[in-house]
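Line by line, the protein sequences give chains A and B. First residue of the first sequence: 97, per my numbering; consecutive thereafter. First residue of the second sequence: 14, per my numbering; consecutive thereafter. Ideal placement from N, C-alpha and C gives every residue a C-beta, glycine not left out.
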Amino acid sequence: DQQVKQNSPSLSVQEGRISILNCDYTNSMFDYFLWYKKYPAEGPTFLISISSIKDKNEDGRFTVFLNKSAKHLSLHIVPSQPGDSAVYFCAASVGRNRDDKIIFGKGTRLHILP
Amino acid sequence: DVKVTQSSRYLVKRTGEKVFLECVQDMDHENMFWYRQDPGLGLRLIYFSYDVKMKEKGDIPEGYSVSREKKERFSLILESASTNQTSMYLCASSPGTDIFFYGYTFGSGTRLTVV
Numbered sequence: 097d098q099q100v101k102q103n104s105p106s107l108s109v110q111e112g113r114i115s116i117l118n119c120d121y122t123n124s125m126f127d128y129f130l131w132y133k134k135y136p137a138e139g140p141t142f143l144i145s146i147s148s149i150k151d152k153n154e155d156g157r158f159t160v161f162l163n164k165s166a167k168h169l170s171l172h173i174v175p176s177q178p179g180d181s182a183v184y185f186c187a188a189s190v191g192r193n194r195d196d197k198i199i200f201g202k203g204t205r206l207h208i209l210p
Numbered sequence: 014d015v016k017v018t019q020s021s022r023y024l025v026k027r028t029g030e031k032v033f034l035e036c037v038q039d040m041d042h043e044n045m046f047w048y049r050q051d052p053g054l055g056l057r058l059i060y061f062s063y064d065v066k067m068k069e070k071g072d073i074p075e076g077y078s079v080s081r082e083k084k085e086r087f088s089l090i091l092e093s094a095s096t097n098q099t100s101m102y103l104c105a106s107s108p109g110t111d112i113f114f115y116g117y118t119f120g121s122g123t124r125l126t127v128v
């Protein structure tokens, strides 16, 4: 049973426009949410996170929105740049301590079109 | 710059071989993890360890074992490699507390092909 779902395997966005990547989760106990970015032949890198006490966290061009009632989060990238082309993984955790593993979604491949 | 280093970027092994994938981190992290990444399946947790000589099964441990004799090193062992173990293998580490702020730090991955 998938606890973290990324229903869009891929997404294409024009350079300069907004990219919106979506993620749904089923476990209401999740309190922490993270996004990772992965280039081919490289390991994923941590991008941005949000805790359930917030509904928005912003870091430069990247903003994550959390809707707890809908069990939905999204990552907005504005403006999209060619270097943003990568696979993005949504992830969630029940807590923030060593025993709380991060659960990953299957990923969404983002293509930024010139 | 802190790092998780995986010993090989690409490996080709024969069916039935015993395969060792090595991972070393220099961040003094307590936690270490092995994942495999396959198209359409995302990141799947194989094994993890919260301390030296400690190991826990992840979601897909069958056909794998691990070893953590030192804090900085976490090895993944394929006892008898099979073609369905052809995959990208990713090692990760995290501090003992507050994964929220730091997340996991991943290595660059090992692309294993079993022929």
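Between A/A137 and chain B, the shortest Cβ-Cβ separation is below 8 Å. Listed along the chain, the chain B residues whose CB falls inside 8 Å of the CB of A/L169 amount to none; the nearest CB is some 14 Å away. DSSP places A/D120 in the uninterrupted beta strand (DSSP E) bounded by 115 to 121. As summarised for the segment 66 to 91 of chain B, there are no continuous alpha helix (DSSP H) elements at least 4 residues long confined to that stretch. In terms of Cβ geometry, B/T28 and B/T96 form a close pair [threshold 8 Å]. Counting only runs of at least 3 residues, the segment 165 to 208 of chain A fully encloses the following beta strand (DSSP E) elements, listed from N- to C-terminal order: 168 to 173, 182 to 189.
Within chain B, the residues G53, L54, G55 have their CB atoms less than 7 Å from the CB of A/K202, given in chain order. Here B/T96 carries a helix assignment [DSSP, helix/strand/coil].
Close to chain A, meaning a Cβ-Cβ distance shorter than 8 Å, are the following residues of the segment 86 to 103 of chain B: L103. Residue environment analysis places A/Y184 among the buried positions, since at least 16 neighbouring C-beta atoms fall within 10 angstroms of its C-beta. The Cβ atoms of A/S176 and A/F126 do not sit closer than 8 Å to each other.
Think of a sphere of 9 Å around the beta carbon of A/F142: the chain B residues whose beta carbon falls inside it are Y115, G116, Y117, T118, F119, in chain order.
For the C-beta of B/G122, the chain A residues within less than 8 Å are, from N- to C-terminus, A137, E138, G139. In the DSSP annotation of this structure, B/V128 is not part of any beta strand (DSSP E), being labelled neither H nor E. Take the alpha-carbon of A/R157 and the one of A/S181: they are about 14 Å apart.
The alpha-carbon of B/I73 is positioned some 7 Å away from that of B/R57.
Shown here, A/K150 sits in coil according to DSSP, grouped into three states, outside any helix or strand. Counting along the chain, no beta strand (DSSP E) covers A/Q102, and no H or E run does either. In this structure, A/L130 lies away from A/I199, with their beta-carbon atoms at least 8 Å apart. For A/F185, the closest Cβ of chain B is nearer than 8 Å.
Here DSSP, grouped into helix, strand and coil, assigns A/D155 to strand. Beyond the five residues adjoining it in sequence on each side, A/I114 comes within less than 8 Å, by CB distance, of H172, I173, V174, P175, S176 in the same chain, given in chain order. Under DSSP, B/L56 forms a beta bridge with B/Q50. Judged by their CB atoms, B/F61 and B/M40 are not nearer to each other than the 8 Å cut-off.
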